[in-house]
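Here is the structure we will look at, set down as structure tokens.
Number of protein chains: 2
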Amino acid sequence: NKRNLLNSGSIMAGLVKSDTEDFIDWWQHTVFYQIYPRSFMDSNGDGIGDLKGITSKLRYLADTGITATWLSPIFQSPMVDFGYDISDYKAIQPEYGTMADFEELIDTAFELGIKVVLDFVPNHSSDQHEWFKKSASREPGYEDFYVWHDGIVQKNGTRVPPNNWPSVFYGSAWKWHEGREQYYLHQFTKEQPDLNFRNPKVVQAMDDVLLFWLNKGVAGFRIDAVNHLFEDESLKDEPLSGKTGDSLSYDYTEHIYSRDLPEVLEMIHHWRQLLDDFSAKHPERPTRIMMTEAYAGLTQLADYYEDSNGVRGSHLPFNFHFITDVTGDSDARDYVYNVEKWLIYMPRGHAANWVMGNHDNPRVASRFGPASVDAMNMLLLTLPGVAVTYNGEELGMVDYRELSWEDTVDPPARNVGEELYQEVSRDPVRTPFQWSNETNAGFSTATKTWLPVHPNYLELNLEAQKVANRSHYHVYKDLLELRKSAIMRVGRFNIEPLTRWVFAFKRSYPNFESIITVINVSDKEQLVDLSEFLSHPKKLVVEVSGVDSKYQPGQSLAASALLLAAREGLVCRLV
Amino acid sequence: NKRNLLNSGSIMAGLVKSDTEDFIDWWQHTVFYQIYPRSFMDSNGDGIGDLKGITSKLRYLADTGITATWLSPIFQSPMVDFGYDISDYKAIQPEYGTMADFEELIDTAFELGIKVVLDFVPNHSSDQHEWFKKSASREPGYEDFYVWHDGIVQKNGTRVPPNNWPSVFYGSAWKWHEGREQYYLHQFTKEQPDLNFRNPKVVQAMDDVLLFWLNKGVAGFRIDAVNHLFEDESLKDEPLSGKTGDSLSYDYTEHIYSRDLPEVLEMIHHWRQLLDDFSAKHPERPTRIMMTEAYAGLTQLADYYEDSNGVRGSHLPFNFHFITDVTGDSDARDYVYNVEKWLIYMPRGHAANWVMGNHDNPRVASRFGPASVDAMNMLLLTLPGVAVTYNGEELGMVDYRELSWEDTVDPPARNVGEELYQEVSRDPVRTPFQWSNETNAGFSTATKTWLPVHPNYLELNLEAQKVANRSHYHVYKDLLELRKSAIMRVGRFNIEPLTRWVFAFKRSYPNFESIITVINVSDKEQLVDLSEFLSHPKKLVVEVSGVDSKYQPGQSLAASALLLAAREGLVCRLV
Ligand SMILES: [Ca+2]
Ligand SMILES: [Ca+2]
Numbered sequence: 095n096k097r098n099l100l101n102s103g104s105i106m107a108g109l110v111k112s113d114t115e116d117f118i119d120w121w122q123h124t125v126f127y128q129i130y131p132r133s134f135m136d137s138n139g140d141g142i143g144d145l146k147g148i149t150s151k152l153r154y155l156a157d158t159g160i161t162a163t164w165l166s167p168i169f170q171s172p173m174v175d176f177g178y179d180i181s182d183y184k185a186i187q188p189e190y191g192t193m194a195d196f197e198e199l200i201d202t203a204f205e206l207g208i209k210v211v212l213d214f215v216p217n218h219s220s221d222q223h224e225w226f227k228k229s230a231s232r233e234p235g236y237e238d239f240y241v242w243h244d245g246i247v248q249k250n251g252t253r254v255p256p257n258n259w260p261s262v263f264y265g266s267a268w269k270w271h272e273g274r275e276q277y278y279l280h281q282f283t284k285e286q287p288d289l290n291f292r293n294p295k296v297v298q299a300m301d302d303v304l305l306f307w308l309n310k311g312v313a314g315f316r317i318d319a320v321n322h323l324f325e326d327e328s329l330k331d332e333p334l335s336g337k338t339g340d341s342l343s344y345d346y347t348e349h350i351y352s353r354d355l356p357e358v359l360e361m362i363h364h365w366r367q368l369l370d371d372f373s374a375k376h377p378e379r380p381t382r383i384m385m386t387e388a389y390a391g392l393t394q395l396a397d398y399y400e401d402s403n404g405v406r407g408s409h410l411p412f413n414f415h416f417i418t419d420v421t422g423d424s425d426a427r428d429y430v431y432n433v434e435k436w437l438i439y440m441p442r443g444h445a446a447n448w449v450m451g452n453h454d455n456p457r458v459a460s461r462f463g464p465a466s467v468d469a470m471n472m473l474l475l476t477l478p479g480v481a482v483t484y485n486g487e488e489l490g491m492v493d494y495r496e497l498s499w500e501d502t503v504d505p506p507a508r509n510v511g512e513e514l515y516q517e518v519s520r521d522p523v524r525t526p527f528q529w530s531n532e533t534n535a536g537f538s539t540a541t542k543t544w545l546p547v548h549p550n551y552l553e554l555n556l557e558a559q560k561v562a563n564r565s566h567y568h569v570y571k572d573l574l575e576l577r578k579s580a581i582m583r584v585g586r587f588n589i590e591p592l593t594r595w596v597f598a599f600k601r602s603y604p605n606f607e608s609i610i611t612v613i614n615v616s617d618k619e620q621l622v623d624l625s626e627f628l629s630h631p632k633k634l635v636v637e638v639s640g641v642d643s644k645y646q647p648g649q650s651l652a653a654s655a656l657l658l659a660a661r662e663g664l665v666c667r668l669v
Numbered sequence: 095n096k097r098n099l100l101n102s103g104s105i106m107a108g109l110v111k112s113d114t115e116d117f118i119d120w121w122q123h124t125v126f127y128q129i130y131p132r133s134f135m136d137s138n139g140d141g142i143g144d145l146k147g148i149t150s151k152l153r154y155l156a157d158t159g160i161t162a163t164w165l166s167p168i169f170q171s172p173m174v175d176f177g178y179d180i181s182d183y184k185a186i187q188p189e190y191g192t193m194a195d196f197e198e199l200i201d202t203a204f205e206l207g208i209k210v211v212l213d214f215v216p217n218h219s220s221d222q223h224e225w226f227k228k229s230a231s232r233e234p235g236y237e238d239f240y241v242w243h244d245g246i247v248q249k250n251g252t253r254v255p256p257n258n259w260p261s262v263f264y265g266s267a268w269k270w271h272e273g274r275e276q277y278y279l280h281q282f283t284k285e286q287p288d289l290n291f292r293n294p295k296v297v298q299a300m301d302d303v304l305l306f307w308l309n310k311g312v313a314g315f316r317i318d319a320v321n322h323l324f325e326d327e328s329l330k331d332e333p334l335s336g337k338t339g340d341s342l343s344y345d346y347t348e349h350i351y352s353r354d355l356p357e358v359l360e361m362i363h364h365w366r367q368l369l370d371d372f373s374a375k376h377p378e379r380p381t382r383i384m385m386t387e388a389y390a391g392l393t394q395l396a397d398y399y400e401d402s403n404g405v406r407g408s409h410l411p412f413n414f415h416f417i418t419d420v421t422g423d424s425d426a427r428d429y430v431y432n433v434e435k436w437l438i439y440m441p442r443g444h445a446a447n448w449v450m451g452n453h454d455n456p457r458v459a460s461r462f463g464p465a466s467v468d469a470m471n472m473l474l475l476t477l478p479g480v481a482v483t484y485n486g487e488e489l490g491m492v493d494y495r496e497l498s499w500e501d502t503v504d505p506p507a508r509n510v511g512e513e514l515y516q517e518v519s520r521d522p523v524r525t526p527f528q529w530s531n532e533t534n535a536g537f538s539t540a541t542k543t544w545l546p547v548h549p550n551y552l553e554l555n556l557e558a559q560k561v562a563n564r565s566h567y568h569v570y571k572d573l574l575e576l577r578k579s580a581i582m583r584v585g586r587f588n589i590e591p592l593t594r595w596v597f598a599f600k601r602s603y604p605n606f607e608s609i610i611t612v613i614n615v616s617d618k619e620q621l622v623d624l625s626e627f628l629s630h631p632k633k634l635v636v637e638v639s640g641v642d643s644k645y646q647p648g649q650s651l652a653a654s655a656l657l658l659a660a661r662e663g664l665v666c667r668l669v
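Protein sequences, first through last, are from chains E and Y. If you're matching positions, the first sequence starts at 95 in our numbering and goes up one per residue. If you're matching positions, the second sequence starts at 95 in our numbering and goes up one per residue.
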């Protein structure tokens, strides 16, 4: 499908003027670099990454060409779910530092031209939050801050939860509270009670949180589990899915009353308004934006962008299809299909986004194989719109799947036990960033880090990749440099499977040199003919090639017979 | 996705030579007009359509611009499933005529340049077929022509079927045969026993049937229910789907052992070879082809075209997405998505195909509303590749849903009874063709026809549409005329949703005038700007407009502000 990234006349006019800066806002084409604070950089030798550590590495981001980052939660938390259980939305987790450290981080980032987006977790707080304690003791004003229910007393006198809803993390979504003598809802762990967004006081309290951080200078929020915000007021039993007979499994029911309710969109609109109002009032910093996390249907995510009435919501509803819908076994058609379906359903005039990894899913090198690292970064970074990179992917870091049971800390992994933990554990994708071949990969001077460093750090680390003639890091950095060009910002887009195993896409605009990305997703060498796809094949010149490629940047290639090695990707200019 | 209909250099060369006839075989761009023989034309006044009737109307097809037709079954049959239960594969159903009538039909068609494709029903015969009678009596050579099994004797002595497979038409797929004292498999009605394609004698017998008709001069076959051909030899129970608790419903199990087995592809390859061999030996008539009916997954249908080893199978695996995946409520994105997904997964170098209706599904006017008739024909007939039209759709015929219980003959409708028959009956889409405002719409001189004529025939009939200044028929015929142009045969293709409710696509090739189709799928008037989609908007000139359009062919339009009425479609030239 050949179309503009952003379907608006003004942008096209921009291209003609050879100056697109005025026509695309920062967040419509940036790369968001996700930092997992616990594992990025430890400044004080306690083995845990922290804010000062991040601040010390902002220069690295800037040097790489990164201009926006989103941080996994840095707020006060008992760390039952590693920060996604927040006990004070306005306080920094002490392990990570102080508010002064945060302010320094923001200031440094601003000086370096880096926007900082925080993780906002509205669906639930920690059970250690003051709000929950007050609600549990029915303190006036807090009675309905959470979702409470008496449950149902059966004929035999046994009290059971109000309905059959399972929690995402296994077991009933309801927990009996001895103090209040009622059940409370928790869609995630029992230490994460769901806030009641039907209570205007909760909405107000959360607005207050958002404004607090906006006033600190953040560029916006990544909103966690947004499709879980509301439950049907009737609290009816959900119909069974038929997928499993285990009533404690999240797959047991169809989540029609506890997920994806229409009220979610209203709350997204409310927050969008808040952000837009704040941006209008504080134009000294770039537009404040929201990114939303929801593993949801395509039409629903499209509605997050903009609903059928034209009301705009999430700037960037995360697109997880490269994580959930393609694998190392996918063929070229699967990639093209996944790209096209997003572009087709995204309402006109919005920015596409592509998430290649995060802290919850295996890394690219482990999902697609180490040979695919460069090709997947080429895909991610030359598609139209916004790219999201998880820290370490620029080096092709690999999951530490062999991490021992003793060292395992991820709650779901601990829950399933020593036999099965390796399959479900998210620890392997959260090991410390590999900065160098020094102790703990340069991440920390501690004797023991919170998670062990992947033992491959002696070879696989940033310093080594910086000094190497060719490296994943150089490829990544070259791609970011290429992204600055007008054609990459607003060029039209056209993608096609050339064969079962090779696909290509083109960024083009009349009178501009087109950029072509070609990727072989098979484990075998493939010979392809690009001349038809390119209509009038002129000369192809290599712009970026992978670390093992036989092609060098600057080299001229024949479009009619291009030989690609297994898993090879290539970015070329059409001159 | 901008691409050629047929990705081959030779075709592009053809366009440059302004003569594409040599480069595209007839079946790669034709319209297949499906005739339902029982309802097309009755020649002898018995109220049932017949072969002489069809022959008498071949001139109508030719005048309309139709050059290929496929006929629903015309073979000897007890008519339990209206011809899909065949008792002699080499004999004409007496109600429909004689072999001489058939030969005359073929000869007349050939003279008029019309290819005739027959319906081949290999999965099952009628239980009245000689083969089944011989197999039931264990006549040597026929013992294993069908799928027989002793069943299982339970502890209490009761005999039950060998497994839990349900039939497509409700109830166990196994029926006890008193004569042979075994169960036989029937994936459809119990009068349709499944042939055993693991028996080389069955394969041979069916080859013999195909060659018989090929020698009569047919252009190929539409192969019925092809994905049901093989069952797993273990006859294992299928896993439950969880969709229903009714063990007699076809939805009860996941059909992993009774449908879509890999052997299906081998049989398709075998038949392709037979057809190719026959074509090579008898080049006096055009290439013989197969079209396959399977309501199956996209990747599987793509493999029917050509598997991962490059082996070619079905020329045209029917694409039912306009029937199964879009409705009157679909928005522009749904249409674009359904078009793109087929083009993405179809292997390179094949012809796309689009089925807009058939004898098993509601008509376009009833699915999308009468106001959509012209737009849907524009969609069908200007997309790249092959179009399949069900007879009467060129007039915008409407389902006769109000057909009385007394007049209802469709087996599944009779089965569900007088309360529910209207919902499931296929009779409403099978009423006689509306030729004129004469008795029985000109279909028959009988007092009573096998199904009643739709009472709207006084207004809605071919004669009226022929004499009218504007009519669905004229639109359809104009579109067929347009299809003859080189650009429609081999032009590149590019489709996009312009807004939530309007999509457009372009057929283009350098130095040729592009053809643009624009369709509003909403019930409201829509204003759209095509200038961006068309990159360099020149002048748009209306080529075909609908019966109620305010635009006339030849009229010039501004691409930047095009007003489309509710459900309006428009085909334009870009000059
Ligand atoms: Ca630390
Ligand atoms: Ca007759």
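All residues carry an ideal CB built from backbone N, CA and C; glycine is no exception.
By DSSP's criteria, residue 639(E) is part of a beta bridge. Which residues make up the other side?
664(E)
Mapping DSSP to helix, strand and coil, what is residue 620(E)?
strand
Any Cβ of chain Y within less than 8 Å of the Cβ of residue 430(E)?
Residue 430(E) counts as touching chain Y.
For ligand 2, which residues have a Cβ under 5 Å from at least one heavy atom, in chain order?
136(Y), 138(Y), 140(Y), 142(Y), 144(Y)
Return the CA-CA distance between residue 336(E) and residue 142(Y), expressed in angstroms with no decimal places.
In a straight line, the C-alpha of residue 336(E) is about 46 Å away from that of residue 142(Y).
Short of 7 Å in beta carbon distance, which residues of its chain neighbour residue 522(E), apart from the five on each side in sequence? Order them along the chain.
493, 494, 495, 497
Compare the beta carbon distance of residue 279(E) and residue 325(E) with 8 Å and say whether it is the shorter of the two.
Yes, Cβ-Cβ distance for residue 279(E) and residue 325(E) is below 8 Å.
Please classify residue 518(E): is it buried, with 16 or more other beta-carbons within 10 angstroms of its beta-carbon, or exposed?
exposed
Under three-state DSSP, which class holds residue 277(Y)?
strand
Taking only the alpha-carbon atoms, compute the straight-line gap between residue 144(E) and residue 637(E) and give it to the nearest angstrom.
37 Å
In whole angstroms, give me the CA-to-CA distance for residue 217(E) and residue 474(E).
Answer to the nearest angstrom: the Cα atoms are 30 Å apart.
Residue 427(E) versus chain Y: which residues are under 7 Å apart at the beta carbon?
Neighbours of residue 427(E) on chain Y, chain order: 438, 439.
Since residue 132(Y) meets chain E, which of its residues come closer than 8 Å, beta carbon to beta carbon?
Those within 8 Å of residue 132(Y) in chain E number zero; the least Cβ separation is about 40 Å.
Less than 8 Å between the beta carbons of residue 619(Y) and residue 653(Y), yes or no?
no
Per DSSP, what are the beta-bridge partners of residue 242(Y) in this structure?
DSSP, once it has assigned bridges, lists 278(Y) as partnering residue 242(Y).
Run through chain E and tell me which residues come within less than 8 Å of residue 336(Y), C-beta to C-beta.
334, 335, 336, 337
For the beta strand (DSSP E) holding residue 656(Y), just list the boundary residues, first then last.
For residue 656(Y), the uninterrupted beta strand (DSSP E) run begins and ends at 656-658, by DSSP.
Exposed or buried, which one is residue 472(E) when buried takes at least 16 other CB atoms within 10 Å?
buried
How is the beta strand (DSSP E) around residue 448(E) delimited, first residue to last?
447-449
Decide if residue 514(Y) is buried, meaning its Cβ has at least 16 other Cβ atoms within 10 Å, or exposed.
exposed
Using the Cα positions of residue 357(E) and residue 367(E), report the straight-line distance between them to the nearest angstrom.
15 Å
Indicate the three-state DSSP secondary structure (helix, strand or coil) for residue 576(Y) in the structure shown.
helix
For residue 591(Y), return the contacting residues in chain E, with the cut-off set at a CB-CB distance below 8 Å.
438, 442
Considering only residues of the same chain and omitting the five flanking positions on each side of residue 359(E), which have a CB-CB separation below 8 Å?
397, 398, 401, 407
One question on the structure: do residue 413(E) and residue 447(E) come within less than 8 Å of each other, judged by their Cβ atoms?
yes
Given a threshold of 16 other Cβ atoms within 10 Å of its Cβ, counted over all protein chains shown, does residue 630(E) qualify as buried or as exposed?
exposed
Could you tell me how far apart the beta carbons of residue 255(E) and residue 347(E) are, in whole angstroms, since I believe they sit closer than 8 Å?
Between residue 347(E) and residue 255(E) the Cβ distance is about 13 Å, and since that is not below 8 Å, they are no contact.
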